[in-house]
Each structure stands twice: as structure tokens, then as C-alpha cells.
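Position one of the sequence shown corresponds to residue 262 (this note's numbering), numbered consecutively onward. To start, the structure under review is shown below, and the notes come after it.
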Amino acid sequence: MESPGADWSPESELELQEMLLGLASSDEFKKNTRITKEMINDVISKANKPLSKGEVLWRLMMQLNLDVGSDCSRNLEQSGTSGTSQIESQLDWESLLSAINEQTVEHSREPSVISESTLQNASLESLLQMKCRLEKEVQEWNDWGTQKVMQAAERLNKDKKELHLVRLQKKNASLEEQLRRRYARQMEENIALAMGLKDKVRTMETMNKELRLELKDVELHAAEVEANCEKASRRMEENLKKLQSSEEEKLSFKDELAAEKRRFYKLQQQLEQARDLRDNMKSNWKKEEKLKNDALEMAETERKELEQIEMSARLQENAIKIEAENNLQRYKNYILQLKNQIAQLKLVKSSSSNNCLSEKESRSELKREWECVMCLSEIVSVVLLPCAHQVFCRQCNELHEQKGVKECPSCRTPIQRRVIARSADDP
């Protein structure tokens, strides 16, 4: 499992030390600060790769747990050995004190030995008390270290949860993007379905006709049921009159009256069912009419759009025609200029032989520029639209059109129209 932190760095080491030692700013915890720093440096030096904050905290916690266990075992061992050592030391010191007392009786001149032994006794007792106090402090510092490591582990778990939330947010953003794309595809499909509403309108019209026929049949059936109900009601009235007039025939007509009532109730139920069916058919017919009107409105909007497109196409065609006519007029003017130049060249023909040769060359070049690309003999006189190229004479244009070729031989543009250019000399 990957650690949720970044690689270990000196800044993260200082941050961890400040987090663990934030409460230890007094003089009493200087020793604990030094021990904690040594433990962190030991954990980092033992690792062969860069560690994250979580890994350092985990290893420190494991080391503290191991140290606590070893301290407990050491305390147990030391408690067992210390009892024996204390007994032995007490025995040694008792024998030493008795020997010193004997020496004081014999040698009253050496009082300094007794004072030194009493000092050693007092120092031993103070050392034992200090040992117990230090063991308690070590246990308290071990408990404090485990508590801080647990707090760091809880903070690491919180950071993991925040990282998990960030990843979920990123995943939700990608899901929203996928939903947006799916919604765009669904919109395109709905547009494609809307284009097929024309066929559905026809089917709706046929269904509407069938529903109208069924509605007429239901109305006829309802009229028949109403007539039967009226007949039954009249018959019931007649029977009631007969019952009032003749009490003797009351028993004989009682069964018939009940049968007529049952028949009347059945007819009433049939009438109600027919009315309900008629209402349902009317509501369905209204719905179909509404759908039909919606489809017709959509078809009308599409027809208007097509008319606008055709109008824009006509405007473009007119613009192309005007441009072609302008080009044609320009080419006519150019042809007139060339004719004038030819007339001038004819006048200067008799000047010199060199001028004659140059005139022939210019005529050949001019003729080559304006000759047909198919027959290479006639002058071009047909303008192809929309590219406005002049490459055919009249006869070659007719042959080209009869062959069914619809592209300009000069630029491969589709030919939409062929305009025959006429000079002023043509009839």
C-alpha cells in the first residue's frame, strides 16, 4: 500500500519534529527532545530509500512499541535482580558497618572512616530513590511517546480521508464530462428523430381517420343503447301502470318487472360504458390532432428554412451572373482593343520586312492565346461559369456538352452555365 505523503525532506523532518515536540518547550523536556531527535534520525538512517511522513511515523511507532516492550522486560528482570542485589548490598554494608564499629572501638583515632561509611550509606539510599524515580519518568515518557505517535497516526488517517475525497472529486469531474458528451450525442439523435416526423404525420393522419370511423361506430352504438334504454323505460312505465290498474296481475308481472329492471340496469351500464368509450375516443382524437398540428408546424418551419436557402442560392447565382456579364463585357472590350491593334499593325505592314516578320510573330502568339483548346483553329467564344474561363469555340462547346463532360478543362471546376460571347460583327 502506498504512503499518502510526499517523499521525506528536511522540511518535513522539521515539521514532524515540531509536531511531536510542540508541547515540550520547557526545560524539563530537553532530555526527551534529544531522545526523540535521535530516534527520528535513527529511523531515517536505517531506511535505504526516501520515506514519507506516514512511513516515518509508522516506523517510529513500531520502534516505540518495541522499546516499551523491551523496557517492561528489562524492568521485570531488573526488579528480580535488584532485590537480590539490594539484599546482598545490605548484607555487605551491615558487615562493613559492624567491622567499622569494631574498628572504632579498637581504634578511636580513625573517626573519618565512620563518617565516610555513613556518607556512602546515604548516597546509596539516594541513588536507589533516584533509580525508582527515573524508572517512573522513563515509563511516563514512553506513555507520552506512544500517545503522540497515536495522535500522528490519527492525523495521517485524516489526511488519507482528505486525499480520498480529492480523488473522488476528480473522478466525479470526469464522470460529469462523460455525461455532458453523452447528452450531446442524445441531442444529436433527437434532432435526427425530429427530421423523421414527416412520415409520422402521415401515419397519424391515417390513424386519425380510423379513430374518427371508430368514433362514429361508437356513437351509433350509443344511440342504439339509448333507444333500447328508452324502450325499456317505456316498457317499465307500462308495466307499472298495469300493476297499479290490476292488483290481481301483480304476482304474475313481478318476475317480469325484475327481469326488465335487470335488463334496464345492464343497458344503463352499457350506456355508461359507451359514453366512457366515446369520451376516451374524443380525448385520443384531440391528442392526435394536437400531435398533427405540431408536426405540421414543424414541417412549415422546415419549408420556410428551405425557401430561405433557395432565396440565398438565387442571390448567389444572380451575383455570379452579374460577375460573368461584367467579365464578358471586359473581354469584349479587350477583343475590340486587339482588333484595333491588328488594324494598326496592318497599316504598318508595308513599312519594312523586319516589321512584317515581327507582326507575323505577334499574330501567331495572339492567335495561339485565343484559339480553341479542342480544334486549335477557331477563336474561343464561350465563357464557362463560375470559373469564367474561355477555352472553347461554339462547335467544340456543343460537342463538349453532348459528351456529358461537366468540368472545366482548365481548372476542373464544375460547369454550371455556358455563356456564348458575341462580337459586334455577329448577327
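Beta carbons are placed, not taken as given, at the ideal position from N, Cα and C, and that holds for glycine.
- Every candidate alpha helix (DSSP H) stretch fails here, since none sits fully inside the stretch 456-494 while reaching 4 residues.
- When DSSP reads this structure, His-650 sits in a beta bridge with Leu-645.
- Cβ-Cβ separation between Val-644 and Val-680: approximately 4 angstroms, consistent with a contact (criterion under 8 angstroms).
- Contact check for Gln-677 against Tyr-592 fails: the beta carbons are separated by 8 angstroms or more.
- Looking at the DSSP output, Val-680 shares a beta bridge with Val-644.
- In the DSSP assignment, Glu-659 falls within the unbroken alpha helix (DSSP H) covering 655-663.
- Distances from the CA of Gln-531 to each of Glu-491, Gly-457, Val-486 were compared; the closest alpha carbon is that of Val-486.
- Setting aside the 5 residues that flank it on each side, Trp-546 is surrounded in the same chain by Leu-472, each with a C-beta closer than 6 angstroms to its C-beta; the list follows chain order.
- Glu-668 carries a strand assignment under DSSP once its states are collapsed to helix, strand and coil.
- Taken through DSSP and simplified to helix, strand or coil, Glu-450 comes out as helix.
- Only residues of its own chain outside the window of five on either side were considered, and among them Leu-476, Val-479, Glu-480, Ala-483 have a CB closer than 8 angstroms to the CB of Arg-539, listed in chain order.
- Here the alpha carbons of Ser-638 and Cys-669 stand approximately 19 angstroms from one another.
- Under the three-state reduction of DSSP output, Glu-632 falls in the strand class.
- With a contact defined as Cβ atoms closer than 8 angstroms, Ala-649 and Asn-579 miss out at about 16 angstroms.
- Between the C-alpha atoms of Thr-674 and Leu-557 there is a straight-line separation of about 40 angstroms.
- The residues Met-465, Met-468, Asn-469, Leu-472, in chain order, have a CB closer than 8 angstroms to that of Glu-549 in the same chain once the five nearest residues on each side in sequence are set aside.
- A straight-line Cα-Cα distance of about 18 angstroms links Leu-501 and Asn-489.
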